[in-house]
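Enquirer: Take this structure, written in structure tokens, and hold onto it; I'll ask about it next.
In my numbering, the protein residues as written are 194 to 505.
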């Protein structure tokens, strides 16, 4: 399946059925901590990358024809920045109608200065933007935005959307050791968060392999301080297990479908395969095959082995 993936366990949302509207690594940021690696298609131009009916039909087939209902929310996220896709309103309305679930949009929030974008996404139930920086300098160091994209432009777009949005905003702050985890940095972030007035604030750290090997998560003492200053809920623990996928796809397609958007640990892949009826021997054989593929990267991060997709 090209656009629908999961069901994926989420620390914030429960069981999430993902929908991707964006080609692999297409984004207007290249965040140092991105779990998918460095952005390879850097753009700030919104496009109809795929016909809306293609995405909607695939989603309908997964949910209705296969009777997949064991999920809590539908999440628009994927391999890049969802706001680069247009028209999002058609996608959002269709997902809500077909699934009868809340639709969540996970975004870097960078294009909310565009009134057309604001209008297209006003129908989502929950907007989950990221805010890791407080000025242009921190913005460039952490998020590495496209071209001349400025922090104030992005942040003011968030503020404007906040005024008219009737849904909830659940903000995520990703802490990176040495970049935005000092007390001074946290106080600057707090100022921005207080002005934005999100319903929830989640504190995260890199728990999967980041784009840059030097990226590290802060120590526990710093995380505790950040949680107190930002009045945030900490979600820095890895969430794995309980993956569900279409029975119509073969095992390799299922795994690739997930790791394109969501790097997986070895034990999670084996658990998924076992849920599809595979024996321990068959799981080990599959893992050996997976490791010789040119488009799968095996990555040791913090002593844990992850697998993620890569372009060849």
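Using N, Cα and C, we set each Cβ at its ideal position, and we do this for glycine too.
#1: How many angstroms separate the CA atom of residue 210 from the CA atom of residue 239?
#2: Measuring alpha carbon to alpha carbon, tell me which of 450, 310, 251 ends up nearest residue 353.
#3: Please state whether DSSP places residue 266 in a helix, a strand or coil.
#4: Where are the beta strand (DSSP E) runs, 3 residues long or more, that stay fully inside the segment 252 to 323, in chain order?
#5: Can you find the residues in the same chain that come closer than 6 Å, C-beta to C-beta, to residue 455, ignoring five residues on each side of it along the sequence?
#6: In whole angstroms, what separates the C-alpha of residue 467 from that of residue 476?
#7: Does residue 445 pass the burial test, meaning 16 or more other C-beta atoms within 10 Å, or should it be called exposed?
#8: Pull up the CB-CB distance for residue 321 and residue 365, whole angstroms please, since I reckon it's below 8 Å.
#9: Per DSSP, which one or two residues make a beta bridge with residue 220?
#10: If we ignore side chains and look at the alpha-carbon of each, how far apart do residue 257 and residue 461 end up?
#11: Take residue 264 and list the residues in its own chain whose beta-carbon comes closer than 6 Å to its own, dropping the five residues that flank it on each side.
#12: Are the beta-carbon atoms belonging to residue 222 and residue 272 less than 9 Å from one another?
#13: Could you check what DSSP says for residue 354 in three-state terms: helix, strand or coil?
#14: How many Å lie between residue 503 and residue 405 at the Cα?
#15: Give me whichever residues DSSP pairs with residue 203 in a beta bridge.
#16: Using alpha carbons as the reference points, say which of 294, 233, 328 lies closest to residue 252.
#17: Am I right that residue 219 and residue 241 are in contact with their C-beta atoms under 8 Å? What's the rounded C-beta distance?
#18: Could you say if the segment 243 to 252 and the segment 297 to 309 meet the contact criterion of at least three C-beta pairs nearer than 8 Å?
Expert: This is what the structure gives:
#1: 24 Å
#2: Comparing Cα positions, the closest option is 310.
#3: strand
#4: 266 to 269, 295 to 300, 319 to 322
#5: Cβ within range, chain order: 201.
#6: The straight-line gap from Cα to Cα measures roughly 7 Å.
#7: exposed
#8: 6 Å
#9: 235
#10: 26 Å
#11: 200, 208, 210
#12: Cβ atoms of residue 222 and residue 272: not closer than 9 Å.
#13: helix
#14: 15 Å
#15: 207
#16: 294
#17: Between the beta-carbon of residue 219 and that of residue 241 there is about 13 Å, and that puts the pair past the 8 Å contact cut.
#18: no
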